[in-house]
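Written below as structure tokens is the structure these notes are about.
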Amino acid sequence: MNETIEVLKNHRTYRDFDENYQLTDEELQQILDASRQAPSWMNGQMYSIIVIKNPDIRQKFVEMNPGNPHMLKSSVFLLFAADLKRTQKVSEHYQVDYPISEGIDPLITAVTDTALALQNAVIATESLGLGSVVVGSIRKDIKKISELLNLPDYVLPIAGLSIGKPTVEMQVKPRLPEKVVVHYDGYQDYDYQEIEEYDQTMEIFAEARETKLWSKKFADYFSNKPNSAVDEFAKEQHLIKE
46 MNETIEVLKN HRTYRDFDEN YQLTDEELQQ ILDASRQAPS WMNGQMYSII
96 VIKNPDIRQK FVEMNPGNPH MLKSSVFLLF AADLKRTQKV SEHYQVDYPI
146 SEGIDPLITA VTDTALALQN AVIATESLGL GSVVVGSIRK DIKKISELLN
196 LPDYVLPIAG LSIGKPTVEM QVKPRLPEKV VVHYDGYQDY DYQEIEEYDQ
246 TMEIFAEARE TKLWSKKFAD YFSNKPNSAV DEFAKEQHLI KE
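Position one of the sequence shown corresponds to residue 46 (this note's numbering), numbered consecutively onward.
Structure representation (structure tokens):
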């Protein structure tokens, strides 16, 4: 099998890291270089990567989110943010309007660029024989984290990435059946039985941190109103209209 495809197909998330292991400067630079080479719309590169080595800052992250101690215990923590400040500076330089808050497409573009850069960092990390975990829960405390990192307006934290040397081996997690996810020449509906069978697959997989059926987990999650803190912060950042 192609080496790159093998790395991709063997992806797994790690949450336990050797606290004494430190990435070399060369390893970190390789990850950052690979991340920055990700595809981006019109080569806009509408994201920023905050490299967080300071243990005091990372400890504050964990205090906000005690369920993710790896944010402190990993070798390094990267924060990926959608960044429309750079293009705001460009618009200001050319003295043109910058009405990005009048629609969500600019923000979708920036979030997509950010996610692609994040994924490249994950792949680069794994190619070096290291492990990582993507941390979306930073958005629970989006305003506090942004203040802690001095993020300017037009910048929105999307996710973090803990990187380090794993101490606990993880198994490759089963994915949804292909017919539920992959469609040819248009969207094809599928029988709900496919989801029920996936529930059974995940029960057999029996990941310790999962306490509910896959389907029930998301039914419960999306039965609640979305995190309004993100909406309010996006408004404050001039990314969406009041």
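Glycine included, each C-beta is placed from N, C-alpha and C at the ideal position.
Short Cβ contact (8 Å threshold) for residue i with residue j
i      : j      : result
ARG60  : GLN216 : no
VAL167 : LEU206 : yes
THR159 : PHE125 : yes
ILE95  : LEU193 : no
MET109 : LYS189 : yes
VAL227 : TYR235 : no
LEU161 : SER85  : yes
VAL121 : LEU173 : no
SER182 : ILE285 : no
SER80  : ASN165 : yes
GLY132 : GLY89  : Reading off the sequence shown, one finds Thr at residue 132, where the question assumed Gly. Contact: yes.
Coil, strand or helix - residue i by DSSP
i      : result
LEU226 : As written in the sequence, residue 226 is Val, which differs from the Leu given in the question. Three-state DSSP puts VAL226 in a helix.
SER177 : strand
ALA83  : coil
ALA251 : coil
SER191 : helix
GLU124 : Residue 124 is actually Leu in this sequence, not Glu. LEU124 falls in the strand class under three-state DSSP.
Cβ-Cβ separation, residue j to residue i (assumed contact under 8 Å), whole Å
i      : j      : result
ILE187 : PHE278 : 5 Å
ASN272 : LYS185 : 7 Å
GLY296 : PHE62  : Given that the chain is displayed from residue 46 to residue 287, the structure contains no residue 296 and the question cannot be resolved.
PRO219 : PHE263 : About 16 Å; that fails the 8 Å criterion.
Start and end residues, alpha helix (DSSP H) containing residue i
i      : result
ILE183 : Unbroken run through ILE183: none, as it is neither H nor E.
SER136 : 130-138
PRO100 : 100-109
VAL52  : 48-54
PHE263 : 259-266
SER273 : 273-281
LYS118 : 115-118
Continuous beta strand (DSSP E) stretch holding residue i: start and end
i      : result
ILE168 : Element bounds for ILE168: not the beta strand (DSSP E) but the alpha helix (DSSP H), 150-172.
SER207 : 200-209
SER93  : 92-97
Touching or not, the stretch 226-246 and the stretch 188-200, by the rule of three or more beta carbon pairs under 8 Å?
no
Does the count of Cβ pairs from the stretch 113-120 and the stretch 172-183 closer than 8 Å reach three?
yes
Is the stretch 255-264 close to the stretch 125-141, with three or more CB pairs under 8 Å?
no
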